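A.B. asks:
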Amino acid sequence: MKRWSCAILLSLLFTLPAVGAEGDFYAFGKIPSQHEGRIKPLDTFARTHLLAFNGKESAGELSPSHWLAELLFDPEAAYKREIFNLPNPDVTAALGLDRRDGNRFSFNELFSRLREQEAFFQALREKESESRTPAQTQLLELDVKAARFFEISRSLSMLLPIFHLTDQEVAQEIGLANGERYSYSQLLRSREALQKKARSGNLQAIDFTQRFGAVEGWGIPDVLRIFPPQFRSGDLWGSPWRVMQEGDGSPAVAASLLRLRVMADAYRSENWSAFAAEASKLGEGAGAEIQVEFLYNKWKLFQKAIAFYIGSLLLLMASWLVWRKRLRRTAFIVLCSGTVLHILGIAMRMYVMGRPPVSTLFESVLFVGAIVTFSACILEYMKKSGLGVLIGSVAGSALLFVSFGYAAEGDTMGVLVAVLNTNFWLATHVVCITIGYGICIVGAVLGHVYLLSAWAGRARKKLEELFRSMMGVSVVALLFTAVGTILGGIWADQSWGRFWGWDPKENGALLIVLWLLFVMHGRLSGILQGPGFALCMVLMNVIVAVAWFGVNLLNIGLHSYGFTENIALNLFLFCAGEVVFGFVTFHFAKLRLAAAGPERSAHFSETVADSK
Amino acid sequence: MIVLVVGTIAQRELGLYVAQNRYFSSFYFWVGSVPFPGGYPMMGLIFVGVVARLLAPAVWVRQKLGVNVVHLGAALMLAGGFFTATFSFEGNMVIGEGESADYISDYHATELAFIDTRAADRDQVTAFARGWLQPGEKIAHAAVPFHIEILKYFRNSTARPRSALPPEDARGFAKNFELTEAPVEVEDERNRAGILFRVSQADPGVNGIYTLLERMPVPQTLKAEGGDFIVELRRLRTPLPFRLELTKFAKKLHPGTEIPEAFRSDIILHDGELRQPVRVQMNEPLRYKGYTFYQASFIENGSQNTTVLAVVHNIGRVFPYLSGIVMCIGLLIHLVMQLPRLFRNEGATR
């Protein structure tokens, strides 16, 4: 066993990325900022926006932090970077762009076209949102995204050395050295002198004053909020421009602005070590949450976990062919490592957000996944039959795969609406009910395995063993779902003065409990025997899916906290597939068992009598 | 066995009607032309099944202890549900900043209220609701010095300026406006009930046809016996034994976003001589004398904010707690007794 422990350690170490060339931007990525109502590292800020613009959390060869640094300190280069992903041909056609590999376009390409079509966009905006085609909705979204991109790019425009002083006369007038590059903030105090010079016809002064207007135009960029409130009341952080204009400057802010200027110079002269040094000073005093969130972003633990789960499944399959025992054990250990990474990821999220593991649909999927793989690990430890590995790897990777669909919607650690802002109930009711979901899924997968094994004509003893596991799992699932549902009622009573309101989500939870009760009573009364029970467990998956995702589609009630357009179709396909699978395998399993003769059926009636 | 059968039927029913509340608190409902039992008989049947099980002496053996306790809990829960359904009521209170209220408005039912303002310092309110508001109903009450006959009543209605000359006996609002029925909205709060009624046995100038709608900006008054009677059609009011005064409503947003972080109503509770400051906010309702007030909604209107509190009065409140605890204990007992048996075959497969 020692050997295997070493293997786990090694594989864990292997998943921690080495510090590479991008390391120069780590300190920059850890600078705290306020965005969408919470304090997050700039790295997350960059990733969220990249996800929106590019459809993925990277910008070609650049890391998210590097990309953001480029956008802030060298906008000219960033404007040329092909960063807007426009997969829909209708959108590119409407903008008059030619299709190309990857369908990514630069801001410069978009900007002029968006401006030219202003009238068209105005008409689109006035159209009712229900009557817009998908392409029209995407065009409007693109307009917003481009505006956001431009706004971010101007966040530090007053610090960028874009004024090249070449006129001796002007230099003398404003008392700055000739031949140097200056920033807006450096020239601001000489504004009147420049204006006077411009009136007297000096070309450079005219150029400078015009460019003053260009820097100031377009409104104050207010997205990049990196200064905690100093003298103002409230907890709204300030953006560099806002702080400068509203005079919220304290010595600390002045020092930070100076740092940013040094960073701008360092970026332009590609002095990366100076850049990193200034950035780390700027990020000083950031909470440990920021550090952990940065690591969370970087490690991408859930993507690694899914790789482990799939690897474990492959190993298990291989073990059916050769090296039965050894490969199965390896598969088990790989599954365990994946689970560890998975749980570590959830723990990091909890630490960063300071709230219990489940508060959004995305988190519920992650958490259920962890529950499933964790209980599968326990099952495997107890039974050592490969069954647990099968369940954990299949269900775990499937659930993580589903969760990635939700992660693509933006920052997954967003703030919560008022009614969910309660750690106590999130920690009890929600956790309990999601554990219930997870165990139900384990039971459902067991049901699949049972039916397939019965169809394949596995030995009676194996089936009996599976059946007992199923029974045990369903009892535990009932415990958690029932307790979770009652806790939910108590939350409702505490918060709204009523225990039960026939809210869709409540009904969904009740549905699961009733189904489990039905299955159990059917089992005890002898109506449901082996295959029938297994069929009910397979259908359990459908019920869980409906209660979990389906009720959100109704979009009414207190609990409808997540809505995705594609989910309806996927859910329907999943349910239909499960129902077909269940009944087909049930039919053949029944046939097989009947053909096997009375010996086997005797076993089932015997266990029924036994448990009565 | 009964439990099983009932469970199956309940399943079928629940599966079909997950989102449709009205099927649960009813005795039956129709699917096409097939009647289905509603929530009440269904739960009643489950209750009978559960109790029947507990009464059967054969099940009281040691092995089944946990299961029996669970069933006991389930019976308790259903009984609590029955109490709640029968004796609890709910409604809401709408209070503007600086104002106060001492009654609960029903979510659905309306009432026709006559307010006797003859006494200088007190109003006497006589209200008629539910069955009284059906067309053809005649109202004669000692507290109201005239007779009333309901002519029309609409759940949702609009008033339109009359295009033709009004009937000769139309009075007040009815002279210029005509009441028309409107399709009933899905959200009941948006429905605006309307009523048409005839007053008789009063002065000739007062006798006639009147029209009322909910939330009319100007009250209608009738002169009778030397005083003014204000008449209103409004949501059914239930008086409270105390009064709530809203001093301030506050909404807090997550910084830099439009996502609400918290809602809060600062309230002064007036009960007799008592003046107690209290606070109602999300997940932290006010409980007082069996009533629960929770923050449900708000109306932002320039300088004055208005809070909407939902109010519940529930006698069966304690049952879910009790039954929840009982069921948990039962499940735990059962688990502890059964689990080793279910997972026992560990050694056999190694």
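First to last, the protein sequences are chains A and B.
Read in order, the letters of the first sequence are residues 1 to 612 in my numbering.
Read in order, the letters of the second sequence are residues 1001 to 1350 in my numbering.
No residue lacks a Cβ here, since even glycine has one placed at the ideal position from N, Cα and C.
Nothing here was measured: the structure is a model prediction, and the numbers come from that model.
Name the chain A residues that come within less than 8 Å of B:N1305, Cβ to Cβ?
C.D. replies: Result: empty, since nearest Cβ-Cβ is about 15 Å, beyond 8 Å.
A.B. asks: Within 10 Å of its beta-carbon, does A:H164 have 16 or more other beta-carbons around it, so buried, or fewer, so exposed?
C.D. replies: Result: exposed.
A.B. asks: Going by DSSP, which residues form a beta bridge with B:D1228?
C.D. replies: Beta-bridge pairing links B:D1228 to B:K1223.
A.B. asks: Whole angstroms are fine: how far does the CA of A:A78 sit from the CA of A:P17?
C.D. replies: Any reading at A:P17 needs caution, since the residue's pLDDT is 49, under 50, leaving its predicted position unreliable; the model's value is listed next. Approximately 27 Å, taken between the alpha carbons.
A.B. asks: By the 7 Å beta-carbon criterion, what residues does the stretch 205–232 of chain A contribute toward chain B?
C.D. replies: Hits within the stretch, in order: R225.
A.B. asks: Please determine, among B:F1298, B:V1184, B:P1255 and B:R1198, the residue with the shortest C-alpha to C-alpha distance to A:G238.
C.D. replies: The option with the nearest alpha carbon to A:G238 is B:P1255.
A.B. asks: Using alpha carbons as the reference points, say which of B:L1213, B:Q1124, B:S1088 and B:G1066 lies closest to B:E1111.
C.D. replies: Comparing Cα positions, the closest option is B:L1213.
A.B. asks: At 8 Å on the CB atoms, spell out the chain A contacts of B:L1269, in chain order.
C.D. replies: The premise fails here: B:L1269 is roughly 16 Å from chain A at the closest Cβ pair, so nothing lies under 8 Å.
A.B. asks: Which same chain residues end up closer than 7 Å to B:R1234 when comparing Cβ atoms and leaving out the 5 residues on each side of it in sequence?
C.D. replies: The answer, listed in chain order, is T1110, E1111, A1113 and E1214.
A.B. asks: Can you grab the Cα-Cα spacing for the pair A:A305 / B:E1245, in whole Å?
C.D. replies: Near 56 Å, if we compare the C-alpha coordinates of B:E1245 and A:A305.
A.B. asks: To the nearest angstrom, report how far apart A:F401 and A:F149 are at their CA atoms.
C.D. replies: Going from the Cα of A:F401 to the Cα of A:F149 covers about 29 Å.
A.B. asks: How many whole angstroms separate the CB atoms of A:S364 and A:V372, which I take to be in contact at a CB cut-off of 8 Å?
C.D. replies: The pair is not a contact, with the Cβ atoms about 12 Å apart (cut-off 8 Å).
A.B. asks: What does A:H164 pair with, by DSSP beta-bridge criteria?
C.D. replies: According to DSSP, A:H164 bridges with A:R181.
A.B. asks: With which residues is B:T1158 paired in a DSSP beta bridge?
C.D. replies: According to DSSP, which records beta bridges pairwise, B:T1158 is partnered with B:T1180.
A.B. asks: Can you pull the chain B residues whose beta carbon is under 9 Å from the beta carbon of A:I490, in chain order?
C.D. replies: P1320, Y1321 and G1324, listed in chain order.
A.B. asks: Would you check if there are 3 or more beta carbon pairs closer than 8 Å linking the stretch 140–155 of chain A to the stretch 172–184 of chain A?
C.D. replies: Short answer: they don't touch.
A.B. asks: Between which two residues does the alpha helix (DSSP H) holding A:K40 run?
C.D. replies: Where A:K40 is concerned, there is no enclosing alpha helix (DSSP H), although the beta strand (DSSP E) it sits in stretches over R38 to P41.
A.B. asks: Quick one: residues in its chain with C-beta nearer than 7 Å to the C-beta of B:P1320, no 5 flanking neighbours on either side, listed in chain order?
C.D. replies: Result list for B:P1320: M1077 and G1080, in chain order.
A.B. asks: Which residue's Cα is closest to the Cα of A:I226: A:L463, A:S256, A:Y450 and A:R154?
C.D. replies: If we check each option's Cα against that of A:I226, A:S256 comes out closest.
A.B. asks: Since A:Q34 meets chain B, which of its residues come closer than 8 Å, beta carbon to beta carbon?
C.D. replies: Within chain B, the residues near A:Q34 are P1255 and G1256.
A.B. asks: Between the Cα of A:V430 and the Cα atoms of A:A576, A:A509 and A:W455, which residue gives the shortest distance?
C.D. replies: Here the closest residue by C-alpha is A:A509.
A.B. asks: Determine, using beta-carbon pairs with one atom in the stretch 586–595 of chain A and one in the stretch 391–411 of chain A, whether at least three such pairs fall under 8 Å.
C.D. replies: Counting Cβ pairs under 8 Å, fewer than three are found: no touch.
A.B. asks: Between which two residues does the alpha helix (DSSP H) holding A:A444 run?
C.D. replies: Looking at the DSSP string, the run of the alpha helix (DSSP H) that includes A:A444 is V431 to W455.
A.B. asks: Any residues in the stretch 1087–1120 of chain B with a beta carbon nearer than 9 Å to a beta carbon of chain A? Which ones, in chain order?
C.D. replies: Hits within the stretch, in order: S1088 and E1090.
A.B. asks: Taking Cβ positions only, does B:Y1288 come closer than 8 Å to chain A?
C.D. replies: It does not: the Cβ of B:Y1288 has no partner Cβ on chain A nearer than 8 Å.
A.B. asks: Excluding sequence positions up to five away, which residues of its chain have a Cβ less than 6 Å from the Cβ of A:L95?
C.D. replies: So the list reads R113, once near-sequence residues are dropped.
A.B. asks: For B:G1098, which option in B:A1310, B:F1249, B:F1128 and B:T1158 has the closest C-alpha, if you only look at C-alpha atoms?
C.D. replies: The shortest Cα separation from B:G1098 among B:A1310, B:F1249, B:F1128 and B:T1158 belongs to B:F1249.
A.B. asks: Return no unless some Cβ of chain B is closer than 8 Å to the Cβ of A:G37.
C.D. replies: Yes - at least one Cβ of chain B is within 8 Å of the one on A:G37.
A.B. asks: Would you say A:S495 lies against chain B (beta-carbon separation less than 8 Å)?
C.D. replies: Yes, A:S495 lies at the interface with chain B (some Cβ there is under 8 Å from its Cβ).
A.B. asks: For the stretch 43–56 of chain A, which residues have a CB atom closer than 8 Å to at least one CB atom of chain B, in sequence order?
C.D. replies: Of all residues in the stretch 43–56 of chain A, none has a Cβ within less than 8 Å of some Cβ in chain B.
A.B. asks: State the start and end residues of the unbroken beta strand (DSSP E) segment that holds A:E289.
C.D. replies: Run containing A:E289: none in the beta strand (DSSP E); it sits in the alpha helix (DSSP H), A288 to W299.
A.B. asks: Along chain A, which residues have their Cβ under 9 Å away from the Cβ of B:L1331?
C.D. replies: The answer, in chain order, is V475, L478, L479, A482 and V483.
A.B. asks: Within 8 Å of any Cβ in chain B, is that where the Cβ of A:F111 sits?
C.D. replies: No, no contact with chain B.
A.B. asks: For the stretch 324–340 of chain A and the stretch 367–384 of chain A, state whether three or more C-beta atom pairs, one from each stretch, are separated by less than 8 Å.
C.D. replies: Yes, since at least three Cβ pairs between the stretch 324–340 of chain A and the stretch 367–384 of chain A fall closer than 8 Å, the two stretches touch.
A.B. asks: May I ask which residues mark the beginning and end of the alpha helix (DSSP H) holding B:N1191?
C.D. replies: Careful: B:N1191 lies outside any alpha helix (DSSP H) and carries neither H nor E.
A.B. asks: Give, in chain order, every residue of the stretch 326–339 of chain A whose Cβ lies closer than 8 Å to some Cβ of chain B.
C.D. replies: Of all residues in the stretch 326–339 of chain A, none has a Cβ within less than 8 Å of some Cβ in chain B.
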